[in-house]
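Undergrad: Counting in our numbering, the sequence shown runs from 12 upward without gaps.
The C-beta atom is built at its ideal place from N, Cα and C for all residues, glycine as well.
From a predicted model like this one, the values you see are computed outputs, not experimental measurements.
Sending over a structure as structure tokens; questions will come in a sec.
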Amino acid sequence: MTSPNVVPLSAAPLYVQIKDTLRARILDGTYAPHSRMPSEHELCAMFDVSRITVRQALGDLQKEGLLFKLHGKGTFVSKPKAFQNVTSLQGFAEAMSSMGYEIVNQVRSLRTVKANRHLATKLNVPEGAALVEIHRVRLLNREPVSLEQTWVPEALGKRLASADLATRDIFLVLENDCGIPLGHADVSIDAILADDEIVDALHVEESSPVLRIERLTHDASGAPIDYETLYFRGDAFQYRLRIDRQMPRKPARKQR
């Protein structure tokens with residue numbers, strides 16, 4: 012007898028239905044991270060399908076990073092990574108809450124600093140100008156995922172200091188409280204090794220690889236207003252984007 016989650020006459024192939032069912036069980040915690048999955052034989056009996064069908068489903072889930080195999084021991088559940096698409100300009104909480112995550116922010120520090128040459132160039136202010144520097148840890152489902160370092164001009168920083176940064180995105184405060192429509196952001200991504208502050212904030216091992224995102228956000232007029240360096244745990248988060256193929260233009264025919 013087939014599983015109630017699998018419909019033989021459905022337009023979706025059986026292996027896709029099984030894959031979707033298993034994915035849902037992984038994401039809702041039915042199959043917990045690092046737990047052993049049912050064997051291929053058990054899944055065949057559970058869904059009343061062939062081993063080839065089960066292997067197709069498991070293979071796809073491995074490609075998605077939800078499962079991993081240990082030789083001679085079986086198939087196990089990976090710890091699913093949260094992800095954010097970089098095809099649109101969104102704050103962290105704005106993106107994560109739409110996917111059902113609980114977001115909590117820990118404000119580690121908020122202080123006034125003088126702009127060094129790097130910050131002055133980024134924010135288009137004189138070197139030595141007053142900036143407000145904010146350090147926050149972002150938690151997903153009560154687990155630290157990122158350390159966020161933000162610099163804004165002093166006038167904006169005073170507005171942010173009076174906002175509830177423990178529950179709100181800085182982007183939303185800038186737009187809704189300060190009345191500043193955001194335009195675009197320049198983003199660069201690389202990988203570094205965790206230093207002492209990152210180790211303490213994200214509870215990772217010293218020199219663990221972390222994802223570093225530098226983001227300079229501009230208002231609708233193009234003026235830079237918010238410079239951030241974001242550090243994400245490599246084992247818990249990923250950025251995703253879709254890239255469309257741009258076909259090269261055919262050279263114009265020469266006129267005779």
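#1: Going by alpha carbons, who is nearest to Gln-117 out of Phe-87, Lys-90, Val-88, Val-148?
#2: Between which two residues does the beta strand (DSSP E) containing His-195 stretch?
#3: Check whether the Cβ atoms of Ile-181 and Leu-171 lie closer than 8 Å to each other.
#4: Kindly identify the DSSP beta-bridge partner or partners of Ile-145.
#5: On the three-pair Cβ rule with 8 Å, is the stretch 198 to 217 touching the stretch 146 to 164?
#6: Would you tell me roughly how many angstroms separate the C-alpha atoms of Arg-66 and Ser-120, rounded to the nearest one?
#7: Tell me the rounded alpha-carbon separation between Arg-128 and Pro-235.
#8: On the DSSP bridge assignment, give the partners of Asp-246 in chain order.
#9: Give every residue of the same chain whose Cβ lies closer than 6 Å to the Cβ of Leu-241, excluding the five residues on either side of it in the sequence, and list them in chain order.
#10: DSSP three-state label for Arg-223, please.
#11: Would a C-beta distance cut-off of 8 Å place Tyr-42 and Val-88 closer than the cut-off?
#12: Is the CB-CB distance between Leu-222 and Ala-196 below 8 Å?
#13: Rounded to whole angstroms, what's the CA-CA distance from Thr-13 to Pro-262? Just pull it up for me.
#14: Leu-150 and Val-115 look like a contact to me (Cβ under 8 Å); what is the Cβ gap, rounded to whole Å?
#15: For Gly-245, I'd like the list of residues in its chain whose CB is within less than 8 Å of its CB, leaving aside the five on either flank, ordered along the chain.
#16: How is Asn-152 classed by DSSP in three states: helix, strand or coil?
#17: Is DSSP giving Glu-53 helix, strand or coil here?
#18: Using DSSP bridges, identify the partner residues of Tyr-238.
#19: Where does the unbroken alpha helix (DSSP H) through Gly-70 begin, and where does it stop?
#20: If you draw a straight line from the C-alpha of Ala-247 to the C-alpha of Gly-70, how long is it?
TA: On the basis of the data shown:
#1: Val-148
#2: 193 to 204
#3: yes
#4: Leu-121, Thr-161
#5: yes
#6: 50 Å
#7: 15 Å
#8: In the DSSP output, where bridge partners are listed per residue, Asp-246 has none listed.
#9: Ser-157, Glu-159, Ile-224
#10: strand
#11: yes
#12: no
#13: For Thr-13, the predicted structure reports a pLDDT of 48, less than 50, and the residue's modelled location is therefore unreliable. The matter cannot be settled from this model.
#14: 4 Å
#15: Ala-202, Ser-219, Pro-220, Val-221, Leu-222
#16: coil
#17: helix
#18: Trp-162, Leu-227
#19: 62 to 74
#20: 22 Å
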